[in-house]
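Protein chains: 2
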Amino acid sequence: MSTNAPPLLHEIATLLDRLARTGEGGNVQLYGLPLQPGDYEALQEALGEGEISAELQALGPTQIRETALYGVWWITHRNGEQEVVDESIEVTRCPAILQTPAEDVAEAALALRKRLSVATKGEHDG
Amino acid sequence: MSTNAPPLLHEIATLLDRLARTGEGGNVQLYGLPLQPGDYEALQEALGEGEISAELQALGPTQIRETALYGVWWITHRNGEQEVVDESIEVTRCPAILQTPAEDVAEAALALRKRLSVATKGEHDG
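If you're matching them up, the sequences are chains A and B in order.
Using my numbering, you'd call the opening residue of the first sequence number 1 and step up by one each time.
Using my numbering, you'd call the opening residue of the second sequence number 1001 and step up by one each time.
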C-alpha cells in the first residue's frame, strides 16, 4: 500500500469508532493534502464503492458517494468548469450536504401554503 | 389543476408544517393510489425539481430526488426489470433511505479495524 493511505485509513477508523459509539463522526480533508502518486487510488480501493450515489447541482456539481464502508462518504465538489475545488471523506450517517436545512423547511411550508391559498381563492373567484 | 393533486398537496403542506414545527415529517404513498390521468404530472409540476438527486442500487434502482420545495422528496423504487414497485413522497430533512443504519456503522468500524490490523501484521511479518 502507498505511504499516505494507511494513516488516512486509521483516521477514518477512529472517526467510525466514534460515530458508532457517540453518534458524532467527522471529516477527513483530501483536497490540499500532499498525496503521492497512488495514494488516491489506494484509498479508493481500500474504501470500495457502496450502494448510494448522489449529486447536488449548485454552482457546479457535487458528487456524494457512500463507500463500501457504511457511514464513510466520499464527497467531491467541482466548479462550473468541472475542476475539483474541494474533496473530503465524511464519516457520518448522512452527509450534511444531503440534509435540508431546518430554516429551508419553514420557508417551503410557507411557500406551499401561500400557493395553495392562491389556488383556492382563484377557484372561488372563478 | 387535476382532481387529486390539490388534496395531496394539502397533505404535503400539513406534513411540511409539522416538520418545520416539530422536526417530524411524514410520508405520502403514491403507489396504489387511484390517480387519474394528469394527476401525476400536475403533482410533479407543482412540486418542481430541486438540486439534489440520488440513486441507491440494491435489487433494483431507487431514485431519490428533492423537489423544488425544500424537505419534500420524491422516491421511486424499481425492480430489476425497471418496473416501478413503490413510489412515495417523503417530507423530511433527509430520507431514511439515505441514512446509514446505526448498526451498519458499528459493523463498518469493526471491519476496517480488522483489515488495518491484518495489514499492519502483514508488514511486521514481512
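Just so it is clear, CB atoms sit at the ideal spot from N, CA and C, and this is done for glycine as well.
Here the structure is a predicted model, which is why all the values come from computation and not from measurement.
query, result
"Range of the contiguous alpha helix (DSSP H) that encloses A/I12", "5-22"
"Contacts that A/I12 makes with chain B (C-beta to C-beta distance below 8 Å)", "L1112"
"B/E1066 versus B/P1095: straight-line alpha-carbon distance, rounded", "9 Å"
"Cβ-based burial, B/V1118 [other Cβ within 10 Å; buried from 16]", "exposed"
"Neighbourhood of A/G32 by C-beta distance below 7 Å, restricted to the same chain and skipping five residues each side", "none"
"A/E103 versus B/A1020: straight-line alpha-carbon distance, rounded", "8 Å"
"is_contact[B/I1052, chain A] using C-beta, thresh 8 Å", "yes"
"Interface flag, B/Y1040 vs chain A, CB-CB below 8 Å", "no"
"N-terminal and C-terminal residue of the beta strand (DSSP E) that A/A54 is part of", "52-57"
"Reference B/T1100, options A/A68, A/P101, A/I75, A/G38, closest by Cα", "A/A68"
"Closest residue to A/L43 among A/A111, A/L110, A/I89, A/R93 (Cα-Cα distance)", "A/I89"
"Beta strand (DSSP E) segment containing B/E1087, residue limits", "1084-1091"
"B/V1072 burial status per 10 Å Cβ neighbour count (16 or more: buried)", "buried"
"Near-chain A residues of the segment 1059-1076 of chain B (beta-carbon distance less than 8 Å), N- to C-terminal order", "I1064, E1066, L1069, Y1070, G1071, V1072"
"Distance between B/T1076 and B/Q1063 (C-alpha atoms, nearest Å)", "5 Å"
"Simplified DSSP assignment, three categories, for B/T1100", "coil"
"Residues near A/N4 by beta carbon distance below 7 Å, same chain, minus five either side", "L35, Q36, D39"
"Sequence-distant residues of the same chain with beta carbon closer than 8 Å to A/E55, five excluded per side", "P61, T62, Q63, I64"
"Cα-Cα separation, A/V85 to A/L8", "20 Å"
"Bridge partner(s) assigned by DSSP for B/P1037", "Answer by DSSP bridge pairing: none, since B/P1037 is not bridged."
"Enclosing beta strand (DSSP E) for A/E66 [first to last residue]", "61-66"
"C-beta atoms of B/E1045 and A/Q57 nearer than 8 Å", "no"
"Beta-carbon proximity list for A/L112, same chain, < 8 Å, skipping 5 on both sides", "none"
"Member of A/W74, A/G25, A/L30 whose CA lies at the smallest distance from the CA of A/E49", "A/W74"
"Within chain A, the residues that B/L1008 reaches when beta carbons sit closer than 7 Å", "Here the premise fails: no neighbours, minimum Cβ distance about 11 Å."
"Residues bridged to A/Q29 [DSSP beta-bridge criterion]", "A/S88"
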